[in-house]
Amino acid sequence: MSGRVRIKWEFDEESVVLQPEIPVEAINDERRITRDLEAIQSIISDNLLTTVFQPIFNRENGSVLGYEALTRLQGENPFGEIRDLFHRAMQTGCICTLDCACLSSTLATAHSFSLAQRSELLFVNTCPETLMNSSLFFDTCDNLVGTFGISREQIVLEITEESMISNYAFFRQSLETYRRLGYKIAIDDFGAGYGGLKMLSTIEPDFVKIDRHFISHIDRATIKFNLVDAIATACHRIGIAVVAEGLEREEEFAVLRNTGIQYLQGYFLGDPAAEMNAEPAAPALLSITTKDTTPRAGESSCMGDLSTAVEPISPDKQIIGALRRFTDNRELRSLPVVEGSSVVGMLHRSRFLEENIIGKHGYGYSMNTYKTIADVMEKNFFLCEANTSIDEISQRIQSRKSALQYDDICVTRTGKYHGTVPISLLLNSIMERNINLAQGSNPLSGLPGNDFIQREITLRLHQSMHFDVAYIDIDHFKPYNDHYGFERGDHIIKSLATIITRVLSRLTSSTFNFAGHIGGDDFIVVSRPQDSLQIAEEITSEFKSKLPDFHGRQDFTCGSYSAKNRRGIEEEFNLLSLSIGIVSTEVCRIESYPQLASLATEVKKKAKMEIGFSIVRDRRLGGSM
């Protein structure tokens, strides 16, 4: 038998009909679909669908925003997991019927807990196919809401992003039907499926729920933190609330509380339960405190450390409001103009008063009194992110017009207004930093020493910056020192310091990157992640080119030299080489300088295990080797 159905001949009075072969697979698929359809209908008719509710908490005060309704199966069934049930319903074409049954169970259960008399929201999972292709779900939803007296504004329709949508225009039109009546819309599992930013921009939901894949172990993976922070920032700018779901560990919460995400959901805060009686999560939220990483005075290297949160002014206010602020506070040099959370302009005291209050002929106030702040604000102003280094800002200031060089600088954090920095404070900080740098420099190499290195790295960690640390060690330096003499050993140290400084200067113009001398033959280079590997390769190449000078032509040609070791025994030693271990905060989530130093030492040891020049970059996801 070939696995095909044999040809069947049928005879009637005048003709012979030939029926084509039917694949066995097709027959089996049809039987399975029929069997699944009957099983799903049986589950619905036997009332085997039940609902549990998982609370969603407000991060700020621990109050319960609402509950996500999760469908569960009672008794024995052929599907096992609830996900498999919905997958089979999609295949059999009865997903709408199943969605309606789940909705009926959810709303009936919520009604038994007096949802209509409460303020919490109810998040209900719905397939996009159901919302687009069926009036049955709409009628079921609206009739049940009316029957139970539940406000439509309390219902949030969660649409999973895992389903592929072929017609976004029609999908948006379908959702508008619900939205016009007051229903809210949420994108579930954001980042895990097909739609992504296209779905976000098309349907403009009220909520975005970030998939638990990005929340799980976010404390160990900087790339996850960056993606979650970027999603939250983008959503906040367009007025979409964000929920982080799948929160299961205290360490994850400690990270999420600093991202600006408003709402949290997960087993760490509340399990799914048969009742809607979750207590506020304030005790759990308040019991976890973040470490105090605020830098001490004189240690500021980023603009966020220097900024002061001056109360902003709205662009729709009359200019009399700004005049009063400047009159009441003679120390106030500038006013940031903020709309929502975005900086849209600045008012600088001297120019504002001179141009809009005094005016060319002394009639400025009379002529401008009707104007709003938006009419007179300066749109060409100095804006930077909080994690921008003060050295970088000092360079940018020099490229500005001389008339604008002494204006206050406006600082944002992830795009939102954070504060302002007077130019005098910036200059004082640069001066103090240079003094500290000079006092802590290594006398042999002239590079910053351990105090400066630790302070700079700690500040970068405090600002959640991405950077790589290259730990550079000279191989076979001790026998070289013993054989060739301390004077030539000092020459090696000075030469490597010069090479490092020259490479940094040649490859990068950013003041973000810096080099330090830990001591002995150990150096460190801090750089942006995209620069570190090239910097290490260039340092290695230049140092290698100096080996004939370091060892002399004869030893260099031999590739080694013979000398007595410290036990007085003649031994063959290799020529000098460099071992460089690189640790990236872009991959590893590092919270302290000691943790980073420990990781860098491990990677450097791995590099030193290789013979000759070696560069090893740590790409692990987490903190263990």
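Its first residue numbered 814, the sequence shown is counted upward by one per residue in the numbering used here.
Quick reminder that beta carbons are idealized off the backbone N, C-alpha and C, glycines included.
{"Item": "Quick check on this structure: which residue in 911, 967, 928 has the alpha carbon closest to the alpha carbon of residue 953?", "Value": "911"}
{"Item": "Would residue 1236 pass as a contact of residue 1116 if the rule is Cβ separation under 8 Å?", "Value": "no"}
{"Item": "Quick one: using the 10 Å Cβ neighbour count with 16 as the cut-off for buried, is residue 1035 buried or exposed?", "Value": "buried"}
{"Item": "State buried or exposed for residue 1325, treating a residue as buried only when at least 16 other CB atoms are found within 10 Å of its CB.", "Value": "buried"}
{"Item": "Tell me the rounded alpha-carbon separation between residue 1355 and residue 1327.", "Value": "18 Å"}
{"Item": "Can the beta-carbon of residue 901 be found less than 8 Å from the beta-carbon of residue 859?", "Value": "no"}
{"Item": "Going by beta carbon distance, what residues of the same chain come within less than 6 Å of residue 1431, once the five residues before and after it are set aside?", "Value": "1396, 1416"}
{"Item": "Using DSSP with H/G/I as helix, E/B as strand and the rest coil, what is residue 1105?", "Value": "With a pLDDT of only 38 at residue 1105, under 50, the local geometry of the prediction cannot be trusted, and the value read off the model is given with reservation. If DSSP states are grouped into helix, strand and coil, residue 1105 belongs with coil."}
{"Item": "Along the chain, which unbroken stretches of the alpha helix (DSSP H) at least 4 residues long are found entirely within the segment 1361 to 1422?", "Value": "1366 to 1371, 1406 to 1421"}
{"Item": "Apart from the five residues just before and just after residue 1099, which ones in its own chain have a Cβ nearer than 7 Å to its Cβ?", "Value": "Summary for residue 1099: the model assigns pLDDT 49, below 50, so the residue's position carries little reliability, and this model does not support an answer."}
{"Item": "Can you list, in chain order, the residues of its chain whose CB lies under 7 Å from that of residue 1233, leaving out five sequence neighbours each side?", "Value": "1120, 1121, 1123, 1147, 1149, 1221, 1222, 1223, 1224"}
{"Item": "Expressed to the nearest angstrom, what Euclidean distance is found between the alpha-carbon atoms of residue 1419 and residue 1389?", "Value": "18 Å"}
{"Item": "Only counting runs of 4 or more residues, tell me where the alpha helix (DSSP H) segments fall wholly within the segment 853 to 940, in order along the chain.", "Value": "895 to 905, 908 to 925"}
{"Item": "On a CA-only basis, which of 1281, 1138, 1084 is nearest residue 1058? Give me that one, please.", "Value": "1084"}
{"Item": "May I have the straight-line CA-CA distance separating residue 1459 from residue 1404, to the nearest angstrom?", "Value": "Examination of residue 1459 is not possible in this model, given that the chain is present from 814 through 1438 alone."}
{"Item": "Helix or strand or just coil, what does DSSP make of residue 1112?", "Value": "Because the pLDDT at residue 1112 is just 46, under 50, the model does not fix this residue reliably, and the value given afterwards should be weighed accordingly. In the structure shown, residue 1112 sits in coil (DSSP, three-state: anything other than H, G, I, E or B)."}
{"Item": "Under the rule that 16 or more other beta-carbon atoms within 10 Å means buried, what is residue 1142, buried or exposed?", "Value": "exposed"}
{"Item": "Would you mind giving the Cβ-Cβ distance between residue 1091 and residue 877, rounded to the nearest angstrom? I have them listed as a contact below 8 Å.", "Value": "5 Å"}
{"Item": "Which class does residue 1141 belong to by DSSP, given the choice of helix, strand or coil?", "Value": "helix"}
{"Item": "Alpha carbon to alpha carbon, how far is residue 991 from residue 1282?", "Value": "53 Å"}
{"Item": "Check whether the segment 1150 to 1166 and the segment 1188 to 1203 are in contact - that is, three or more C-beta pairs closer than 8 Å.", "Value": "yes"}
{"Item": "Should residue 880 be labelled buried (16 or more other beta-carbon atoms within 10 Å of its own) or exposed?", "Value": "buried"}
{"Item": "Tell me where the alpha helix (DSSP H) around residue 959 begins and ends.", "Value": "948 to 961"}
{"Item": "Where do the N-terminal and C-terminal ends of the beta strand (DSSP E) with residue 1328 fall, by residue?", "Value": "1327 to 1332"}
{"Item": "Please classify residue 1061: does DSSP put it in a helix, a strand, or coil?", "Value": "coil"}
{"Item": "Which term fits residue 889, buried or exposed, when burial requires 16 or more other beta carbons within 10 angstroms of its beta carbon?", "Value": "exposed"}
{"Item": "Mind checking residue 1094: buried by the 16 CB within 10 Å criterion, or exposed?", "Value": "buried"}
{"Item": "Taking residue 1240 as the reference, give the member of 1267, 1206, 1421, 1217 with the closest Cα.", "Value": "1206"}
{"Item": "Rounded to whole angstroms, what's the CA-CA distance from residue 1055 to residue 914? Just pull it up for me.", "Value": "28 Å"}
{"Item": "Taking residue 1332 as the reference, give the member of 1295, 1386, 1357, 1263 with the closest Cα.", "Value": "1263"}
{"Item": "Return the chain-ordered ranges of every beta strand (DSSP E) run that is complete within the segment 1116 to 1185 and spans a minimum of 3 residues.", "Value": "1147 to 1152, 1155 to 1161"}
{"Item": "Using the Cβ count rule (16 or more neighbours within 10 Å means buried), how would you classify residue 1378?", "Value": "exposed"}
{"Item": "Round the Cβ separation of residue 993 and residue 1016 to the nearest angstrom and send it over; I've been treating them as touching at under 8 Å.", "Value": "With 8 Å as the limit, residue 993 and residue 1016 do not qualify as a contact, their Cβ atoms being about 14 Å apart."}
{"Item": "Answer yes or no: do residue 1227 and residue 1032 have a C-beta to C-beta separation smaller than 8 Å?", "Value": "no"}
{"Item": "Verify whether the separation of the beta carbon atoms of residue 1169 and residue 1132 is less than 8 Å.", "Value": "yes"}
{"Item": "Give me the DSSP bridge partner(s) of residue 973.", "Value": "1001"}
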